Amino acid sequence: MNICSTVEKTVRTQLKRMLEAGCSFADVRFYDEDRTERLVLYDGNLEVNYQRWEKGIGVRVLKNGAIGFAATADLNAIPECFDRALANAEAAAQLLGFPKDMGSAQPVRGKYQPRFQQDPFAVPLPEKLSLLKRVDEKLKDNTVEHRMVSAHFQKRRIFYYNSEGTEIERWVLNTFAGMTVMARDKDGKAQRRSYELDSDGTGTRGFEWLANPQAFEVHTERIKRELGEIVAAETLPPGRRDVILLPGQGHLQVHETIGHPLELDRILGYELSFAGGSHVKPEMIGTLRYGSEKLNAKVMVVENSPGTFGYDDEGTPQYEYYLIKNGILVNVLCCRLDLGEANTKAGRVVVARSGASARAAGFYKTPIDRMTNVCIEWGNDGTLEDIIRATENGVILDMPVSWSIGSNREHFHFGCEIAWEVRDGRITRVFKNPTYQGHTLEFYNSLDMVGDRSTWRLFQVANCGKGEPNQIMEVGHGVPVMRFRNVLTGEGR
Ligand SMILES: [Zn+2]
1 MNICSTVEKT VRTQLKRMLE AGCSFADVRF YDEDRTERLV LYDGNLEVNY
51 QRWEKGIGVR VLKNGAIGFA ATADLNAIPE CFDRALANAE AAAQLLGFPK
101 DMGSAQPVRG KYQPRFQQDP FAVPLPEKLS LLKRVDEKLK DNTVEHRMVS
151 AHFQKRRIFY YNSEGTEIER WVLNTFAGMT VMARDKDGKA QRRSYELDSD
201 GTGTRGFEWL ANPQAFEVHT ERIKRELGEI VAAETLPPGR RDVILLPGQG
251 HLQVHETIGH PLELDRILGY ELSFAGGSHV KPEMIGTLRY GSEKLNAKVM
301 VVENSPGTFG YDDEGTPQYE YYLIKNGILV NVLCCRLDLG EANTKAGRVV
351 VARSGASARA AGFYKTPIDR MTNVCIEWGN DGTLEDIIRA TENGVILDMP
401 VSWSIGSNRE HFHFGCEIAW EVRDGRITRV FKNPTYQGHT LEFYNSLDMV
451 GDRSTWRLFQ VANCGKGEPN QIMEVGHGVP VMRFRNVLTG EGR
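full-length UniProt numbering puts the sequence shown at residues 1 to 493.
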């Protein structure tokens, strides 16, 4: 009998034992394989060659309204791991604020595999390095003082079982990559221009994506040219003007000021001690005007995204739903566990079902509410050129350099790599050190143009941090070009 079927047999027996011990729910995630690889070339030298390989199980039980969690890498000690989870739940039940409730769900049998052609972990290291080296060579230029090229691969095989009879096998396979060129400007200050591997939301996720010169390498000439324009440019003068966010910046704006504040555990105050809270309260779900009529934020199930994984860590199948519809907050990112508390605190049903957002960053971490693919739907205000033509006084901004966000995500301040000034419908010049800031709701209420499908790009975030102990999670954001009116820019960098 292979290791998976031995673990499966033990787990089924133990799940039954937990119900007999008075638990109302129990679940298990068995990571048969969890691999990570990171490679970074800095000025052509291999600065990071990081490899991690993990295997183990995480057990969660619900007893007397309290969750108990335990994990082990010793697959011969699975019953003991269940015992520890049970003891933890019994101890936690003594200190309960609000009793947890998983509700009930129909059992699911499923399998999920992302689309890929070439497993990055089957590609020999010298082949990966020679690809990164080739990109690095192309980044060399008289204006470039430092160069960085990085790649990051993830592969996991996870089996999920719960006491309701749900059994799921899923694979995770992700490829991330980025390149940055750096130089000092005429004031001696560091400037940079970068590119992160992005997509139109379709395609595959394997090594072939990175190896395709039209996907990654093709950006080397552009970022070098734009760095040259940045170092020769003046600083963006302060003032109010329209802000046109390219998806390279828009995805982070959405991540920080729509994604994070709409995580239900933050809304309920469970993340206050580390990640922060939310300006949204449970009773606002369904009625809060979050933005203008143009704002449609949606959890999407996009093929080529690290936020698409088939089933979440409670076995809920992923599906698409609106978070914000025509500017009104209609739903949040949630898992099964907190629905009861949110609805009780709101005094009515504000969240009807799990949003399949329960995610854990490893077998030894407990699932929490995470972003998946928090996207902005493309609109009907045309191409980037159409939006530029319609703008009298504005700036186009791309890629974050710095960010500072209120702990309840009620306001924000971002610095970007580059700004293109727009005057009377055309681009006039480049500015360096651009910044913009605003209050979250006021800002989204000033959204007045949303680009079409041609402007929509899916960005990958490999390092969203949350939870205590901290969990680093990968998510995706598809966003179009967006124009916001009369925004405070160019101050406080
Ligand atoms: Zn984050």
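Ideal Cβ placement from N, Cα and C applies to all residues, glycine included. Computed from a predicted structure; not experimentally measured.
Check: K466 C-beta below 7 Å from any heavy atom of ligand 1: Yes, the Cβ of K466 comes within 7 Å of a heavy atom of ligand 1.
Nearest to T166 by CA position, among T180, F153, V108, is which residue? Of the candidates T180, F153, V108, the one whose C-alpha sits nearest the C-alpha of T166 is V108.
Which full runs of the alpha helix (DSSP H) of 4+ residues lie inside the stretch 323-392, going along the chain? For the stretch 323-392, the full-length alpha helix (DSSP H) segments reaching 4 residues or more read 339-346, 384-389 along the chain.
Where M318 falls: helix, strand or coil (DSSP): It should be pointed out that residue 318 corresponds to Gln in this sequence rather than to Met. Three-state result, Q318: coil.
Cross-strand partners of L62 (DSSP beta bridge): L62 is bridged to F25, I67.
Let me know if Q154 comes out buried or exposed under the rule of 16 or more other beta-carbons within 10 Å of its beta-carbon. Q154 comes out buried.
Which of helix, strand or coil does DSSP assign to E169? DSSP places E169 in strand when its eight states are reduced to three.
Among all the DSSP beta bridges, which residues are the ones paired with R241? Note: R241 is bridge-paired with V487 in the DSSP secondary-structure output.
Reduced DSSP secondary structure (H/G/I, E/B, other) of S407: S407 falls in the coil class under three-state DSSP.
With a threshold of 7 Å, establish whether the CB of H255 neighbours any heavy atom of ligand 1. The answer is yes for H255.
Given residue 523, which residues of its chain have a CB within under 7 Å of its CB, disregarding the five upstream and five downstream residues? Not covered by the structure: residue 523. The range shown for the chain is 1 to 493.
Quick check for students: name the residue ranges of the alpha helix (DSSP H) that lie wholly in the UniProt domain "Metalloprotease TldD/E central" (119-208), counting only runs of 4 or more. Listed in chain order, the complete alpha helix (DSSP H) runs (minimum 4 residues) inside the UniProt domain "Metalloprotease TldD/E central" (119-208) are 125-139.
Heavy atom of ligand 1 within 7 Å of H260 beta-carbon: Yes, the beta carbon of H260 sits closer than 7 Å to at least one heavy atom of ligand 1.
Contact check, N373 vs M473, beta carbons under 8 Å: Inclusion of N373 and M473 in the CB contact set at 8 Å is not warranted, their separation being larger than that value.
Residue 505 - containing alpha helix (DSSP H), residue span: No information on residue 505 is available, as it lies outside the stretch 1 to 493 that the chain covers here.
Taking the CB atoms as reference points, tell me whether F484 and V243 lie closer together than 8 Å. Yes, the pair counts as a contact, with Cβ atoms nearer than the cut-off.
Name the DSSP bridge partner or partners of A275? Under DSSP, A275 shares a beta bridge with no residue.
How about Y322 and K294: are their beta carbons less than 8 Å apart? No, the pair does not count as a contact, with Cβ atoms beyond the cut-off.
What's the gap between the Cα of G110 and the Cα of A70? About 25 Å.
Measure from the alpha carbon of C23 to the alpha carbon of each residue in E33, I67, V48, then state which is nearest. The shortest CA-to-CA distance from C23 to any of E33, I67, V48 is the one to I67.
Go through the stretch 419-446 residue by residue and report every complete run of the beta strand (DSSP E) that reaches 3 residues or more, in order. Here the runs fully enclosed are 426-432, 435-439.
Give the single residue among E491, N470, I324, S454 whose Cα lies nearest to the Cα of G201. Between G201 and the set E491, N470, I324, S454, the nearest pair of CA atoms involves S454.
So, with DSSP's three-state summary, where would you put R266? When secondary structure is reduced to three states using DSSP, R266 falls in the helix class.
When DSSP labels each residue in this structure, what does P99 get in the three-state scheme? Coil at P99, not helix or strand.
Among K281, N445, R359, A356, which residue has its Cα nearest to the Cα of A342? For A342, the nearest C-alpha among the options comes from K281.
Could you tell me the boundaries of the alpha helix (DSSP H) in which I3 lies? Secondary structure note for I3: its alpha helix (DSSP H) is the uninterrupted segment 3-20.
Which of helix, strand or coil does DSSP assign to Q249? In the three-state DSSP reduction, Q249 falls in the helix class (H, G or I).
What is the C-beta distance between L197 and A211, in whole angstroms, given that I count them as a contact (C-beta under 8 Å)? Not quite, the Cβ-Cβ distance comes to about 11 Å (not below 8 Å), so this is no contact.
Answer with buried or exposed for residue 506, where buried requires no fewer than 16 other C-beta atoms within 10 angstroms of its C-beta. Residue 506 lies beyond the stretch modelled for the chain, which goes from 1 to 493, so this question has no answer here.
Does D83 come out as helix, strand or coil in the three-state DSSP assignment? Three-state DSSP puts D83 in a helix.
Does DSSP classify G467 as helix, strand or coil? For G467, the three-state secondary structure derived from DSSP is coil.
At which residues does the beta strand (DSSP E) containing G110 begin and terminate? 109-112 is the span of the beta strand (DSSP E), which, as asked, contains G110.
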